[in-house]
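**Student:** Mind looking over this structure? Questions follow.
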Ligand code: UD1
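In our numbering, the protein residues as written are 18 to 382.
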């Protein structure tokens, strides 16, 4: 059996790997490497447990740090694993520091790099994710794109060899785990949510679901205050699972303003998140994954960013961009009309992992 080393490290990658590993292991020996970029129980372990992701063969324990420190530590430790394991190829997902470190460590010692979720672009080089994507795509041997737009982005950069539009592996995950979500009733999920909350707000029967964690929105308190002020004005409770990078900032904003309409809680597991997203009146987020999960689950979304890589979601205002300003966010959440008829199944039918396996079976012999 041919051997593939897969490198994951951050929350969205656990979801993508869950969808692919299950299928990949039918025909390949997979060695799973967790860089340790995300390490908290509810940022990491819970995903492995809930999604039945195989236990990592290596946990590199890199943890937090500046971009250079974090990436450099990963590079050194991943190289050691690659030299020991001598895989036929390496898989990386998405656009995090773990993605770039895995790809760079592999190419330098001539191990072919497979990039899943290739070709996405925001056009904003101030985002660490944009830098990670462009560099990873440039050094990848096989590029699996989630959409046709992603294929076109690569073409514009002169990357055309071994580029495949297979659909989105996150869509595979939403459809597969969505079926598990439906096994429980609303009481079950509400009880779980209450166990995660850390302020006094009650949930109610209708809610908005919000997540904000990007560096561009969480680097200064002014921006997060604007965003939370918009949530405070809305007509239903806002459930806000707080990413650890945002926690200190949120806590100081709460101390100052004592929000009443926001239900702050710890990060949730994937299946709980799917439930609260599917049943939300709208989602408000700056996450890449959540915009698309909202689209697939038919929940309208407001994205607090200046641009999105998932341009397909914008049709019919199913997803709409907002500046990190109180009035703009409020207006777009409260007033935007949505034309559901603009929706198309851009992200595939949930068979992206199967397509990837078929192509890799032909390429790696
Ligand atoms: C990373 C990705 C981002 C992705 C996000 C998903 C990069 C450059 N960014 O951002 O693209 O959308 O993951 O969540 O790779 N922390 C904890 N516990 C954890 C993880 C993080 O406390 O388990 C805290 C640390 O204080 C850390 C901060 O969060 O300094 C940021 O974590 P890091 O992994 O560097 O980046 P994210 O913001 O999570």
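Idealized CB from N, CA, C, for every residue including glycine. The model shown is predicted, which means the values in this text are computed figures rather than measured ones.
Inspect the beta-carbon positions of residue 364 and residue 188 and report whether they are closer than 7 Å.
**Tutor:** The count along the chain shown starts at 1 and reaches residue 364 at position 347. The count along the chain shown starts at 1 and reaches residue 188 at position 171. The answer is yes: Cβ separation under 7 Å.
**Student:** Alpha carbon to alpha carbon, what distance is there between residue 291 and residue 196?
**Tutor:** Residue mapping note: residue 196 aligns to position 179 of the chain shown, counting from 1. Residue mapping note: residue 291 aligns to position 274 of the chain shown, counting from 1. Straight-line Cα distance between these residues: approximately 10 Å.
**Student:** Can you say whether residue 350 is buried or exposed, counting buried as having 16 or more other CB atoms within 10 angstroms of its CB?
**Tutor:** As a position in the chain shown, residue 350 is number 333, starting the count at 1. Residue 350 comes out buried.
**Student:** Going residue by residue through the segment 255-328, where are the continuous alpha helix (DSSP H) segments of at least 4 residues, counting only ones entirely within it?
**Tutor:** 264-274, 287-295 and 305-313
**Student:** For a test of your reading of the model: does the CB of residue 28 fall under 6 Å from any non-hydrogen atom of ligand 1? Yes or no.
**Tutor:** For this step, residue 28 is matched to residue 11 along the chain shown. Flag set: Cβ of residue 28 near ligand 1.
**Student:** Flag this pair as touching only if the segment 253-269 and the segment 220-233 have three or more C-beta atom pairs under 8 Å; answer yes or no.
**Tutor:** Cβ pair count under 8 Å is three or more, so yes.
**Student:** Closest to residue 339 by C-alpha separation, out of 294, 270 and 234, would be which residue?
**Tutor:** Along the chain shown, one-based indexing puts residue 339 at 322. Closest option to residue 339, Cα to Cα, is 234.
**Student:** CB residue 241 to CB residue 266, shorter than 7 Å?
**Tutor:** Counting from one through the chain shown, the residue named residue 241 turns up at place 224. Counting from one through the chain shown, the residue named residue 266 turns up at place 249. In contact: residue 241 and residue 266 (Cβ atoms closer than 7 Å).
**Student:** May I have a chain-ordered list of the beta strand (DSSP E) segments no shorter than 3 residues that lie completely inside the segment 60-137?
**Tutor:** 106-110 and 130-133
**Student:** Here's a check: name, in chain order, each residue in its chain whose Cβ is nearer than 6 Å to the Cβ of residue 327, leaving out the five neighbours to either side.
**Tutor:** The sequence position of residue 327 within the chain shown is 310, counting from 1. Cβ within range, chain order: 308 and 309.
**Student:** If we require 4 or more residues per run, which alpha helix (DSSP H) segments fall completely within the segment 193-247?
**Tutor:** 203-213 and 232-235
**Student:** According to DSSP, simplified to helix, strand and coil, what is residue 164?
**Tutor:** As a first step, residue 164 must be located in the chain shown, where it is residue number 147. Residue 164 falls in the coil class under three-state DSSP.
**Student:** What number of angstroms, rounded off, separates the C-alpha of residue 68 from the C-alpha of residue 130?
**Tutor:** As a working note, residue 68 is residue 51 in the chain shown. As a working note, residue 130 is residue 113 in the chain shown. Cα to Cα, the separation comes out at about 25 Å.
**Student:** Is it right to say residue 386 is buried, meaning 16 or more other beta carbons lie within 10 angstroms of its own, or is it exposed?
**Tutor:** This structure gives no information on residue 386, because the portion of the chain shown stretches from 18 to 382.
**Student:** Could you please give the first and the last residue of the uninterrupted beta strand (DSSP E) stretch that includes residue 181?
**Tutor:** As a first step, residue 181 must be located in the chain shown, where it is residue number 164. Counting along the chain, the beta strand (DSSP E) containing residue 181 begins and ends at 180-182.
**Student:** Measuring only from the beta carbon, is residue 60 closer than 6 Å to any heavy atom that is part of ligand 1?
**Tutor:** Here residue 60 is taken as the residue at index 43 of the chain shown, counted from 1. Yes - ligand 1 has a heavy atom lying nearer than 6 Å to the Cβ of residue 60.
**Student:** Touching or not, the segment 76-93 and the segment 112-120, by the rule of three or more beta carbon pairs under 8 Å?
**Tutor:** yes
**Student:** Going by the C-beta, is residue 55 closer than 6 Å to any heavy atom of ligand 1?
**Tutor:** As a working mapping, residue 55 is identified with position 38 in the chain shown. It does: the Cβ of residue 55 is within 6 Å (strictly closer) of some heavy atom of ligand 1.
**Student:** Report yes if the CB atom of residue 318 is closer than 7 Å to the CB atom of residue 300, and no otherwise.
**Tutor:** Reading the chain shown from its first residue, position 301 is the one you call residue 318. Reading the chain shown from its first residue, position 283 is the one you call residue 300. Cβ distance < 7 Å, so residue 318 and residue 300 count as in contact.
**Student:** Mapping the DSSP letters down to three states, classify residue 177 as helix, strand or coil.
**Tutor:** In the chain shown, the residue the question calls residue 177 occupies position 160. Three-state DSSP puts residue 177 in coil, outside helix and strand.
**Student:** Across the segment 203-210 and the segment 172-192, are there enough close Cβ pairs to call them in contact, namely three or more that are closer than 8 Å?
**Tutor:** no
**Student:** What span of residues does the beta strand (DSSP E) with residue 146 cover, start to end?
**Tutor:** By 1-based counting over the chain shown, the position of residue 146 is 129. Careful: residue 146 lies outside any beta strand (DSSP E), inside the alpha helix (DSSP H) at 145-155.
**Student:** Under DSSP, the beta strand (DSSP E) around residue 47 begins and ends at which residues?
**Tutor:** Start at 1 with the first residue of the chain shown, and residue 47 comes out as number 30. Element bounds for residue 47: 46-51.
**Student:** So does residue 138 have its beta carbon nearer than 6 Å to some heavy atom of ligand 1?
**Tutor:** Translated into the one-based positions of the chain shown, residue 138 becomes position 121. Residue 138 Cβ: outside cutoff for every heavy atom of ligand 1.
**Student:** Pick from 330, 295, 168 and 50: whose alpha carbon is nearest that of residue 356?
**Tutor:** By one-based count along the chain shown, residue 356 stands at place 339. Nearest option by C-alpha distance: 330.
**Student:** Excluding the 5 residues flanking residue 45 on each side, which residues of the same chain have their C-beta closer than 6 Å to its C-beta?
**Tutor:** Position 28 of the chain shown, counted from the first residue, corresponds to residue 45. So the list reads 19 and 21, once near-sequence residues are dropped.
**Student:** Does the Cβ of residue 23 lie closer than 6 Å to at least one heavy atom of ligand 1?
**Tutor:** Taking the chain shown and counting its residues from 1, one reaches residue 23 at position 6. Checking every heavy atom of ligand 1 against the Cβ of residue 23, none is found closer than 6 Å.
**Student:** What does the Cβ neighbour count give for residue 143, buried or exposed, with the cut at 16 atoms within 10 Å?
**Tutor:** Taking the first residue of the chain shown as 1, we reach residue 143 at position 126. Exposed, because fewer than 16 other Cβ atoms sit within 10 Å of the Cβ of residue 143.
**Student:** Alpha carbon to alpha carbon, how far is residue 81 from residue 238?
**Tutor:** Locating residue 81 in the chain shown gives position 64, counting from the first residue. Locating residue 238 in the chain shown gives position 221, counting from the first residue. Approximately 21 Å between the Cα atoms of the pair.
**Student:** Is the number of C-beta pairs between the segment 26-40 and the segment 101-111 that are closer than 8 Å three or more?
**Tutor:** yes
**Student:** For residue 20, list the residues DSSP reports as bridge partners.
**Tutor:** Here residue 20 refers to the residue found at position 3 of the chain shown. Bridge partners of residue 20: 46.
**Student:** Would residue 434 and residue 137 be called neighbours here (beta carbons separated by less than 7 Å)?
**Tutor:** As shown, the chain starts at 18 and ends at 382. That puts residue 434 outside it, with no answer to give.
**Student:** Secondary structure at residue 336, three-state DSSP: helix, strand or coil?
**Tutor:** Locating residue 336 in the chain shown gives position 319, counting from the first residue. Correct three-state label for residue 336: strand.
**Student:** Excluding sequence positions up to five away, which residues of its chain have a Cβ less than 7 Å from the Cβ of residue 221?
**Tutor:** As a first step, residue 221 is located in the chain shown; it is residue number 204 there, counting from the start. Excluding sequence neighbours, residue 221 sits near 253 and 254.
**Student:** Is it the case that the CB of residue 88 approaches a heavy atom of ligand 1 more closely than 6 Å?
**Tutor:** Looking up residue 88 in the chain shown gives position 71. Result no, Cβ not under 6 Å from ligand 1.
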